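**Q** Mapped onto the numbering used here, the consecutive letters of the sequence shown carry residue numbers 26 to 649.
For reference, the structure I am asking about is given below.
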Amino acid sequence: MFNGTLPSWLYATPSLFHLDLHGNQFSGFIKEFQTRSLVWLDLHHNQLEGTIPRSISEQLNLSVLDLSSNKLSGAIEFSQFSKMKKLWSLDLSFNNFSTASSGSINYTLPELLNLRLSSCNINQFPHFIKALKNIELLDLSHNQLAANVPKWVGEVGTSSLYFLNLSHNFLTNIELASWKRMVYLDLRSNMLQGSLPIPSQSTYLFSASSNQFSGELPSLLCKLETISVLDLGNNSFTGMIPPCLTNLSSIQILNLQSNKFHGMFPSTFEDCGSLRTLNLNGNQLEGVLPKSLANCKILEILDIGNNKINGTFPHWLETLPILTVLVLRSNNFHGPIGYPEFLGWLPFRYLRILDVSHNQFSGHLPTKYFEIMIAMMDSHKETLEYMGKYYQRAGYYYDSVTVVLKGLSVEMVRIQSMFTTIDFSSNNFEGHIPKMIGNLKSLKGLNFSHNKLNGFIPASMANLTNLEWLDLSSNKLGGEIPVEFTDMTSLQVLNLSRNQLVGAIPTGKQFNTFENDSYGENLGLCGFPLSEGCGELSTQPPPVGMDFSPEDDTDAARLFHWKFALIGYAGGLVFGISMGYVMLSDPKIEWVIEEYVGQGWWPKSVKRKKRNTRLKAGNGRRNH
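Quick look at the structure:
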């Protein structure tokens with residue numbers, strides 16, 4: 026990769042006709058060319074500054090000009106290209122141009138086929154486009170275009186235009202022309218209103234998401250026999266989802282998220298062999314998931330969160346061999362998740378995002394599923410890639426999903442292929458956190474909050490060195506915070522509040538950055554950042570002669586490390602030591618901890634305080 030300024034000798038090289046230096050780190054200004062022989066000039070993806078040199082307009086043989094993705098500035102004067110009668114591709118996208126001038130329409134660029142002016146601060150449709158009768162690709166996205174799309178735009182390239190991108194503007198109305206060769210039509214992120222316009226039947230990718238379209242979906246959509254990507258999310262569509270949409274044999278991406286669709290969840294998925302992404306998040310759909318979804322054998326992303334869907338955990342989804350994202354959050358699912366039913370498939374082995382939060386699931390955490398989630402165990406994927414697919418002539422479509430990141434619900438408009446998260450929060454799960462959770466080393470986020478989990482926090486979770494946020498709040502977890510957690514140097518957000526944790530809070534590294542609310546309402550915790558000091562009690566070694574089951578080993582030892590300190594504080598040191606040995610001699614340690622230590626030993630004043638804080642926690646329970 027080259028850097029520095031462009032060599033001076035380049036500008037004076039006689040007979041230079043092809044100059045391609047794209048994808049480097051060249052900086053400084055583009056100087057005036059002394060040669061007039063250029064046919065191809067490609068300088069995109071550098072750090073070049075200044076204005077477009079006038080000498081470029083004298084390159085009468087130039088056919089390709091690409092200056093995109095630099096730091097060029099000044100106003101674009103389209104008239105400077107008027108002499109380039111052989112120019113067939115012009116790309117000035119992603120620079121720092123000021124408001125562009127439309128210039129005069131008294132010129133034509135008869136050979137121009139590709140015009141990319143994305144992110145050029147254009148505030149009106151350039152008039153010279155009117156004369157581009159053979160244009161094939163037109164990209165005016167990420168500009169300041171407002172109000173109605175001029176009607177004459179529909180007369181441009183009626184027999185040739187296959188790619189039109191008007192996304193990320195401020196357009197309010199558009200009348201689609203019958204472009205006979207249209208493949209890619211992108212209208213997303215505007216202010217378009219009213220009924221949805223229907224593209225031509227040749228359309229392969231149609232995105233009109235993040236607008237203000239309303240009403241029911243036109244049945245004519247089902248006549249788009251070649252449609253592969255249909256993205257209508259984040260609008261105000263109502264009514265029921267047309268059943269034919271889930272049975273279009275050509276459709277690969279169906280995104281209808283964040284609308285107002287109601288009625289029963291689509292019941293038939295018989296001809297869905299091409300379906301790769303189904304996103305119906307954020308509607309008002311009811312009923313149960315149809316087992317016919319299992320016919321969608323290459324389904325990778327299933328996001329049906331934030332609806333009113335009921336039923337038990339859909340085990341039959343295990344038969345989908347490459348399912349990567351499964352979001353069931355905020356529905357009415359209930360019952361235990363239990364065990365895999367199709368172990369021969371290694372079910373969910375490619376799963377990277379699993380969100381079943383805010384339902385009524387119960388029982389124990391599904392350890393057997395965790396044991397076979399192979400994709401979550403691979404922590405060596407370092408290449409930054411995004412989930413999506415490249416469509417020939419239509420470009421790249423990036424998948425999106427709604428997840429909770431560090432306590433905030435966000436829509437990831439691009440999903441990193443290395444991103445992995447598990448969210449089981451706000452259900453009725455009980456029992457212990459399985460130790461093997463520490464094997465899921467690629468996890469970025471883990472949320473088990475607002476359940477009824479008890480026992481200890483496994484020290485094995487310290488193996489999650491890629492973990493960025495961990496929420497175990499509002500459970501019944503006891504024992505100490507594993508000191509090994511200080512090795513989780515990627516951890517940015519930690520919430521262990523509203524449990525029954527005790528002992529000294531680990532110190533050092535990122536633990537010195539966490540504040541009080543990470544540990545609130547754990548009456549037995551002490552040390553920084555809390556105001557309660559630990560004194561010397563937390564440094565006492567665990568008592569000898571302890572007999573634990575293999576499952577509890579070091580975790581149980583951590584619990585009894587604090588026994589003398591906490592019980593001594595609550596009811597007198599002598600009583601505390603005696604009580605500690607009583608519990609050590611009882612083989613039913615877990616029952617004693619929960620039934621006796623967790624409730625009976627508290628003095629009246631502490632009981633009252635604890636009861637009040639529980640009431641407050643119960644009344645103030647919030648979503649995570």
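Don't be surprised by glycine CBs; every beta carbon is placed ideally from N, CA and C.
Just so you know, these numbers come straight off a predicted model, no measurement behind them.
At the 8 Å Cβ level, is T532 part of the contact set with chain D, yes or no?
**A** Absence of chain D from the displayed structure is noted, only one protein chain being present.
**Q** Take N520 as the anchor and find which of I399, G336 and S499 has the nearest alpha-carbon.
**A** Among I399, G336 and S499, the Cα nearest to that of N520 is on S499.
**Q** Return the chain-ordered list of same chain residues with a C-beta closer than 6 Å to the C-beta of E509, the five sequence neighbours on each side being excluded.
**A** If we look at E509 and ignore the five residues flanking it on each side, its Cβ neighbours are A484 and A487.
**Q** Note down, in chain order, each residue of its chain lying with its Cβ closer than 7 Å to the Cβ of L433, except the 5 sequence neighbours on either side.
**A** Contacts found: none.
**Q** To the nearest angstrom, how far is the alpha carbon of A400 from that of V429?
**A** Taking the straight line from one Cα to the other gives about 20 Å.
**Q** With DSSP as the reference, label K2 as helix, strand or coil.
**A** No answer is possible for residue 2: the residues shown for the chain start at 26 and end at 649.
**Q** Per DSSP, what kind of secondary structure is Q105 in: helix, strand or coil?
**A** Three-state result, Q105: helix.
**Q** From W495 to L471, what does the alpha carbon distance come to, in whole angstroms?
**A** Reading the sequence as shown, one finds Leu at residue 495 and not Trp. Near 5 Å, if we compare the C-alpha coordinates of L471 and L495.
**Q** Measuring straight from C-alpha to C-alpha, what distance separates T228 and T511?
**A** So the two alpha carbons sit approximately 54 Å from each other.
**Q** Can you tell me where the beta strand (DSSP E) with K333 in it begins and where it stops?
**A** It spans K333 to G336 - the beta strand (DSSP E) in which K333 sits, taken as one unbroken run.
**Q** Using CA coordinates, which residue listed in D448, L492 and L257 is at the minimum distance from K466?
**A** If we check each option's Cα against that of K466, L492 comes out closest.
**Q** What residue range is occupied by the uninterrupted beta strand (DSSP E) comprising S33?
**A** First-last for S33: S33 to A37, but that is the alpha helix (DSSP H), not the beta strand (DSSP E).
**Q** Sorted by chain position, which residues of the same chain lie with C-beta nearer than 6 Å to L66's C-beta, five sequence neighbours on each side aside?
**A** Excluding positions up to five away in sequence, the list reads L44 and L90.
**Q** Starting from T263, trace the beta strand (DSSP E) in both directions and tell me its first and last residue.
**A** Per DSSP, T263 belongs to the beta strand (DSSP E) from S261 to T263.
**Q** Would you identify the three-state DSSP class for R79, choosing helix, strand or coil?
**A** Helix.
**Q** Determine, using beta-carbon pairs with one atom in the stretch 374-383 and one in the stretch 454-465, whether at least three such pairs fall under 8 Å.
**A** Counting Cβ pairs under 8 Å, fewer than three are found: no touch.
**Q** Can you name, in chain order, every residue of its own chain whose Cβ lies under 6 Å from the Cβ of T76, other than the five neighbours on each side?
**A** Excluding residues within five positions, the ones whose Cβ falls inside 6 Å are G99.
**Q** Rank S40, M265 and K56 by C-alpha distance to the C-alpha of T30 and give the top, closest one.
**A** Nearest C-alpha to T30: K56.
**Q** Going by DSSP, what residues sit across from C559 in a beta bridge?
**A** Answer is none; C559 lacks a bridge partner.
**Q** Under 8 Å by Cβ, that's how I've got G545 and T532 pegged, so tell me the actual separation to the nearest angstrom.
**A** The Cβ separation is near 18 Å, so there is no contact.
**Q** On the DSSP bridge assignment, give the partners of G29 in chain order.
**A** F51, per the DSSP bridge assignment.
**Q** Following the continuous beta strand (DSSP E) through F231, name the residue where it begins and the one where it ends.
**A** Here the beta strand (DSSP E) through F231 covers L230 to S232.
**Q** For S114, which residues from the same chain have a beta carbon less than 6 Å from its beta carbon, with the 5 sequence-adjacent residues on both sides left out?
**A** Answer for S114: V89 and N139, listed in chain order.
**Q** Taking only three categories from DSSP, how would you classify K248?
**A** In this structure, K248 counts as helix in the three-state DSSP scheme.
**Q** Taking DSSP's pairing of strands, which residues face A100 in a bridge?
**A** DSSP output for A100 lists S123 as bridge partner(s).
**Q** Would a C-beta distance cut-off of 8 Å place T427 and D328 closer than the cut-off?
**A** Yes; because the gap between Cβ atoms is below 8 Å, this pair is in contact.
**Q** Roughly how many angstroms lie between the CA atoms of S104 and S118, to the nearest whole one?
**A** Distance between the alpha carbons of S104 and S118: 17 Å.
**Q** Taking the beta strand (DSSP E) that Y209 falls in, what are its first and last residues?
**A** Where Y209 is concerned, the enclosing beta strand (DSSP E) stretches over Y209 to D211.
**Q** Return yes when the Cβ of G53 is within less than 8 Å of the Cβ of L73, no when it is not.
**A** Taking 8 Å as the Cβ cut-off, L73 and G53 qualify as a contacting pair.
**Q** Leaving out five residues on either side along the sequence, give the residues of the same chain with a beta carbon under 7 Å from the beta carbon of K669.
**A** Because the chain in this structure spans residues 26 to 649, residue 669 falls outside the shown range and cannot be described.
**Q** Could you tell me which residues DSSP puts in a beta bridge with N168?
**A** According to DSSP, which records beta bridges pairwise, N168 is partnered with nothing at all.
**Q** CB H287 to CB L310, shorter than 8 Å?
**A** Yes.
**Q** With which residues is G360 paired in a DSSP beta bridge?
**A** Partner(s): F386.
**Q** Please go through the same chain and pick out, in chain order, the residues whose beta-carbon is closer than 8 Å to the beta-carbon of R123, but skip the five residues on each side of it.
**A** First, the residue type needs correcting, since residue 123 is Ser and not Arg in the sequence shown. Hits under 8 Å: S98, G99, A100 and N146.
**Q** T60 to E136, Cα distance in whole Å?
**A** Distance between the alpha carbons of T60 and E136 is about 22 Å.
**Q** Between F294 and L270, what straight-line distance do the alpha-carbon atoms span, to the nearest angstrom?
**A** Taking the straight line joining both Cα atoms gives about 9 Å.
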